[in-house]
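Novice:
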Amino acid sequence: MSINKQILLAKRPEGMPDKDTFKFAETEIEKPRKGEILIRTIYVSVDPYMRGRMIDAPSYVPPYKLNDVLGGGSIGEVIESESSQFEQGDIVIGSYGWQSYYTAKEDEVRKIDKNIAPISTHLGLLGMTGLTAYFGLLDIGKPKEGETVVISGAAGAVGSVVGQIAKIKGARVVGIAGTDEKKQYLKEKLHFDEAINYKTTSNLQEDIAKACPNGVDVYFDNVGGVISDTVHANLNKYARICICGAISSYNLESGDIGPRIQTTLIKKSVLMQGFTLGDFADRFAEGSEALAKWLQEDKLKYEETIKEGFDNIPEAFLDLFEGNNIGKLLVKV
Ligand SMILES: NC(=O)c1ccc[n+]([C@@H]2O[C@H](COP(=O)([O-])OP(=O)(O)OC[C@H]3O[C@@H](n4cnc5c(N)ncnc54)[C@H](OP(=O)(O)O)[C@@H]3O)[C@@H](O)[C@H]2O)c1
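First residue of the sequence shown: 215, per the numbering used here; consecutive thereafter.
1. What do you reckon, are the CB atoms on Lys-540 and Tyr-399 nearer than 7 Å?
2. Just checking my contact of Val-283 with Ile-253 at CB under 8 Å: how many whole Å lie between their CB atoms?
3. Determine, using beta carbons only, whether Asn-450 and Ile-422 come nearer to each other than 7 Å.
4. What three-state label does DSSP hand Ser-442 in the structure shown?
5. On the criterion of 16 or more Cβ atoms from any shown chain inside 10 Å, does Ala-371 qualify as buried, or is it exposed?
6. What does the alpha-carbon distance come out to for the pair Thr-517 and Leu-339?
7. Taking the beta strand (DSSP E) that Glu-250 falls in, what are its first and last residues?
8. Could you tell me the distance, in whole angstroms, from the CA atom of Thr-414 to the CA atom of Lys-397?
9. Just confirm the distance between the C-beta atoms of Leu-404 and Gly-377, as a whole number of angstroms; I'd bet it's less than 8 Å.
10. Examine the Cβ distances between the stretch 471-491 and the stretch 502-509 and report whether three or more of them are shorter than 8 Å.
11. Could you have a look at Asp-435 and say whether DSSP puts it in helix, strand or coil?
12. Can you give me the start and stop residues for the alpha helix (DSSP H) that Thr-478 sits inside?
13. Under DSSP, the beta strand (DSSP E) around Thr-241 begins and ends at which residues?
14. CB Leu-345 to CB Gly-501, shorter than 7 Å?
15. Using 10 angstroms around the beta-carbon of Leu-280, count the other beta-carbons present and answer buried if the total reaches 16, otherwise exposed.
16. Can you round the beta-carbon distance between Ala-453 and Val-430 to whole angstroms, since I take them to be within the 8 Å contact cut?
17. Going by other Cβ atoms of all chains shown within 10 Å of its Cβ, with 16 needed for buried, is Gln-220 buried or exposed?
18. At which residues does the beta strand (DSSP E) containing Ser-295 begin and terminate?
19. Counting only runs that start and end within the stretch 365-401, where is the beta strand (DSSP E) found for 3 or more residues in a row?
20. How big is the Cα-Cα spacing for Glu-322 and Leu-532?
21. Touching or not, the stretch 317-332 and the stretch 353-362, by the rule of three or more beta carbon pairs under 8 Å?
22. Does at least one heavy atom of ligand 1 sit under 6 Å from the Cβ of Gly-370?
23. By the 10 Å Cβ neighbour count, where 16 or more other Cβ atoms means buried, how is Thr-444 classified, buried or exposed?
24. Note down the Cα distance separating Ala-391 from Tyr-316, rounded to an integer number of angstroms.
25. Is the beta carbon of Leu-222 closer than 7 Å to that of Gly-287?
26. Taking 6 Å as the cut-off, is the CB of Ser-462 close to at least one heavy atom of ligand 1?
27. Can you give the Cα-Cα distance for Asn-436 and Val-258, rounded to whole angstroms?
28. With a CB to CB cut of under 7 Å and the five nearest residues on each side skipped, what residues in its chain are close to Ala-318?
29. Between Gly-537 and Arg-247, what straight-line distance do the alpha-carbon atoms span, to the nearest angstrom?
30. Looking at Ser-463: is its Cβ nearer than 7 Å to the Cβ of Gly-438?
31. For Cys-458, write down the residues that DSSP places opposite it in a beta bridge.
32. Is Leu-222 helix, strand or coil when you go by DSSP?
33. Compare the beta carbon distance of Gly-389 and Phe-406 with 7 Å and say whether it is the shorter of the two.
34. Kindly list the residues whose CB is nearer than 6 Å to the CB of Asp-433, restricted to its own chain and excluding five residues on each side of it in sequence; keep chain order.
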């Protein structure tokens, strides 16, 4: 039988992670005992939040331990089962992370339906990032018909779904992303009303004002930093800001400094709320059903950037910070 390949956290990064952050290891595959299954990994998810877990600081998920496998969403096939709940050939999803095989206890993973959509979508549109878009936008942003929704990180896994849900709800949707290819994708494939390339604009403030002639009612923030400071200058009275992520700050070596936002929030009676997907754990079934229904009705489209090969997982992770993905970034092992 094959060896289990793993990727461990070798060193806590300061600034941008590099090859020294990761260590490749090989272990014997553990034979499943009663109540366990052996999984062969098919897809591994790489996600920006993993950067936060590389720091030894308290957060909403515990930090990775040095020399432990980097945990995160993975999908695999059951190749041996000692559990009455699973059989060979079942496709399962779990948080067992960057390793090519995993011997799981039956309550550590759950079966996924192979018939709704390609299995990879359970790590993206129908999984963590799609649900984040669904609950963040609808519960915090609460877009109304005719309102303007601005999304940063708009062509990524979360952002691309947020924009499409906002369109379903009848909003005017403006996406901010880092390449012209992404801009084109947002406008032509996802039918966003406007898209802005923040890397090539000579005046982001002016471009946002032009793209949002009636101001901004909902800002779904995936990136933080200067982009968000600029969107804040265009907020309408009673606007809502959904703080989903702040990827522009994840690799900074010292704290991020920006304009103080309190007076903006006061003057415009703006609601700003951070959230993590876990806040909505008791409603995942609702979110999954809605996303699957919209997908079936062709109201939601999705894109995946799939890198091939287990050894390329660290590189794929770093691609997130270079903007080398459209839609969900995954590695096919
Ligand atoms: N709150 C939650 O529960 C939750 C759950 C999932 C994700 N998130 C957060 O949501 C955000 C998006 O996650 P995702 O999984 O959908 O990732 P993603 O958007 O698919 O990938 C990351 C994207 O961020 C952009 N980016 C990278 N560095 C940047 C920078 N310095 N400034 C501006 N943009 C930058 C890049 O696109 P460009 O080419 O456009 O720069 C890149 O493609 C992340 O901040 C993540 O941490 C939060």
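Don't be surprised by glycine CBs; every beta carbon is placed ideally from N, CA and C.
Here the structure is a predicted model, which is why all the values come from computation and not from measurement.
Specialist: In short, the structure shows the following:
1. For the record, residue 540 in the displayed sequence is Ile; it is not Lys. Yes.
2. Between Ile-253 and Val-283 the Cβ distance is about 13 Å, and since that is not below 8 Å, they are no contact.
3. Not in contact: Asn-450 and Ile-422 (Cβ atoms no closer than 7 Å).
4. Helix.
5. Under a 10 Å Cβ-count criterion, Ala-371 is classified as buried, with 16 or more other Cβ atoms of the shown protein chains found around its own Cβ.
6. The question names Thr, yet the displayed sequence has Glu at residue 517. About 9 Å.
7. For Glu-250, the uninterrupted beta strand (DSSP E) run begins and ends at 250-259, by DSSP.
8. In this structure, the CA atom of Thr-414 is about 11 Å from the CA atom of Lys-397.
9. Right, the Cβ-Cβ distance comes to about 6 Å (below 8 Å), so this counts as a contact.
10. Proximity of the stretch 471-491 to the stretch 502-509 falls short of the contact definition, fewer than three beta-carbon pairs being nearer than 8 Å.
11. In this structure, Asp-435 counts as strand in the three-state DSSP scheme.
12. Counting along the chain, the alpha helix (DSSP H) containing Thr-478 begins and ends at 476-482.
13. First-last of the beta strand (DSSP E) with Thr-241: 236-241.
14. Cβ distance < 7 Å, so Leu-345 and Gly-501 count as in contact.
15. Exposed: under 16 other Cβ atoms inside 10 Å.
16. Taking a contact as a CB-CB distance under 8 Å, the pair Ala-453 and Val-430 counts as one, their CB atoms being some 6 Å apart.
17. Under this definition Gln-220 is a buried residue.
18. For Ser-295, the uninterrupted beta strand (DSSP E) segment begins and ends at 288-295.
19. The qualifying runs are 386-391.
20. Going by C-alpha positions, Glu-322 is about 27 Å away from Leu-532.
21. Contact annotation: the stretch 317-332 does not touch the stretch 353-362, with fewer than three C-beta pairs closer than 8 Å.
22. Yes, Cβ of Gly-370 sits closer than 6 Å to a heavy atom of ligand 1.
23. Flag for Thr-444 reads buried.
24. Tyr-316 has its alpha-carbon roughly 36 Å from the corresponding atom of Ala-391.
25. No; because the gap between Cβ atoms is not below 7 Å, this pair is not in contact.
26. Taking non-hydrogen atoms of ligand 1 into account, the C-beta of Ser-462 is found less than 6 Å away from one of them.
27. Each residue's Cα considered, the two are about 22 Å apart.
28. The beta carbon of Ala-318 sits closer than 7 Å to the beta carbons of Glu-250, Ile-251, Ile-253, Gly-308 and Tyr-310 from its chain, once the five residues preceding and following it are set aside; these are given in chain order.
29. If you take the alpha carbons of Gly-537 and Arg-247, they lie about 42 Å apart.
30. Result yes, Cβ atoms of Ser-463 and Gly-438 sit closer than 7 Å.
31. As DSSP reads the structure, Cys-458 sits in no beta bridge.
32. Note: Leu-222 maps to strand in three-state DSSP.
33. Their beta carbons are under 7 Å apart, which means Gly-389 touches Phe-406 by this criterion.
34. Looking at the sequence shown, residue 433 is not Asp but Tyr. Val-364, Val-445 and Ile-455, listed in sequence order.
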